[in-house]
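Trainee: Pasting in a structure now, in structure tokens, and then I'll have a few things to ask.
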Amino acid sequence: MKKIYLLSLIALFFFACNEGTSTDESVKYPFESGIVKYENDVMGMKTTLTLYIKDYGDVECSVSEVELMGKKMTMKSLIKDGYLYSLSIDQKSGTKMKIDQEFSTYSFDTDMFEEKIDSLGGKKLGTEEILGKTCQIYSMMQEGAEQKMWIWKNMLMKMSAEQNGMVMGMEVKSIEETNNFPDGIFDIPVDYNITDEPEMDMDIDEFGDENAAG
Numbered sequence: 001m002k003k004i005y006l007l008s009l010i011a012l013f014f015f016a017c018n019e020g021t022s023t024d025e026s027v028k029y030p031f032e033s034g035i036v037k038y039e040n041d042v043m044g045m046k047t048t049l050t051l052y053i054k055d056y057g058d059v060e061c062s063v064s065e066v067e068l069m070g071k072k073m074t075m076k077s078l079i080k081d082g083y084l085y086s087l088s089i090d091q092k093s094g095t096k097m098k099i100d101q102e103f104s105t106y107s108f109d110t111d112m113f114e115e116k117i118d119s120l121g122g123k124k125l126g127t128e129e130i131l132g133k134t135c136q137i138y139s140m141m142q143e144g145a146e147q148k149m150w151i152w153k154n155m156l157m158k159m160s161a162e163q164n165g166m167v168m169g170m171e172v173k174s175i176e177e178t179n180n181f182p183d184g185i186f187d188i189p190v191d192y193n194i195t196d197e198p199e200m201d202m203d204i205d206e207f208g209d210e211n212a213a214g
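Numbering (this note's numbering), first residue to last: 1 to 214.
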């Protein structure tokens, strides 16, 4: 239960940062197209996430593979034509939500991001190289969880969180600049049952106020 809470906290913070930021759509990511592979580590349980970027992030897709209670599941998140699609490959179902055109999953408007970090009492911790990329490190506390993020230019390279001895980590393991993608990776399967979700209006300042009140 605590593990789920920690994951939810990080996910809410991360989504709120992106939802509230505005980025020049031509430079959401530092390169035009490519494939980025992340590794997640939650309490020693490792999972993988592959991010496919096209047209500097105008179109992007992430595919994650997780194992829960002995069962492997594949989830796909697709940003395309102003919508965020969250798809379960195994169940052939998903949701569709309207988003701002500037929204991106793993990139930030760094100026606005820093303002929001400052408003929540966060700070810079210097720089560190990951895969030869110089990353700025940010740190903040939320609900007793220490969170750190490593940002290269405007792209998330690494993230960690610790609460009551529980540790979660996420880090880029490879970056390949290419336009050679798997067939159909940016397509929406026609045989999936997709339901509409209301547009989410979430601001990181409101999120911080709610946490402070709780």
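Backbone N, C-alpha and C define an ideal beta-carbon position, used for all residues, glycine too.
A quick note: this is a predicted structure, and the numbers were derived from the prediction, not measured.
#1: Look at the alpha carbon of Lys72 and the alpha carbon of Glu39, and state the distance between them as a whole number of angstroms.
#2: If we ignore side chains and look at the alpha-carbon of each, how far apart do Val190 and Gly121 end up?
#3: For Gln163 and Tyr138, I'd like the C-alpha separation in whole angstroms.
#4: With the cut-off set at 9 Å, would you say Met140 and Gln147 are in Cβ contact?
#5: For Gln91, does the count of other Cβ atoms within 10 angstroms reach 16, so buried, or fall short, so exposed?
#6: Please list the segments of the beta strand (DSSP E) lying wholly inside the stretch 21 to 96, counting only runs of 3 or more residues, in order along the chain.
#7: On the DSSP letters alone, give me the boundaries of the alpha helix (DSSP H) that Glu162 sits inside.
#8: Considering Cα atoms alone, identify which of Ile53, Gly44, Leu78, Thr195 is closest to Glu67.
#9: Suppose you measure from the CA of Lys124 to the CA of Glu65; what does that come to, to the nearest Å?
Mentor: In this structure, then:
#1: Approximately 16 Å between the Cα atoms of the pair.
#2: Straight-line Cα distance between these residues: approximately 46 Å.
#3: One C-alpha to the other measures close to 17 Å.
#4: Their beta carbons are under 9 Å apart, which means Met140 touches Gln147 by this criterion.
#5: Of the residues assessed, Gln91 falls on the exposed side of the cut-off, its CB having fewer than 16 other CB atoms within 10 angstroms.
#6: Counting only runs of at least 3 residues, the stretch 21 to 96 fully encloses the following beta strand (DSSP E) elements, listed from N- to C-terminal order: 34 to 42, 45 to 54, 59 to 68, 71 to 80, 83 to 88.
#7: Per DSSP, Glu162 lies in no alpha helix (DSSP H) segment; the continuous beta strand (DSSP E) that holds it begins and ends at 155 to 163.
#8: Selected option, being the one with the closest Cα: Gly44.
#9: Answer to the nearest angstrom: the Cα atoms are 32 Å apart.
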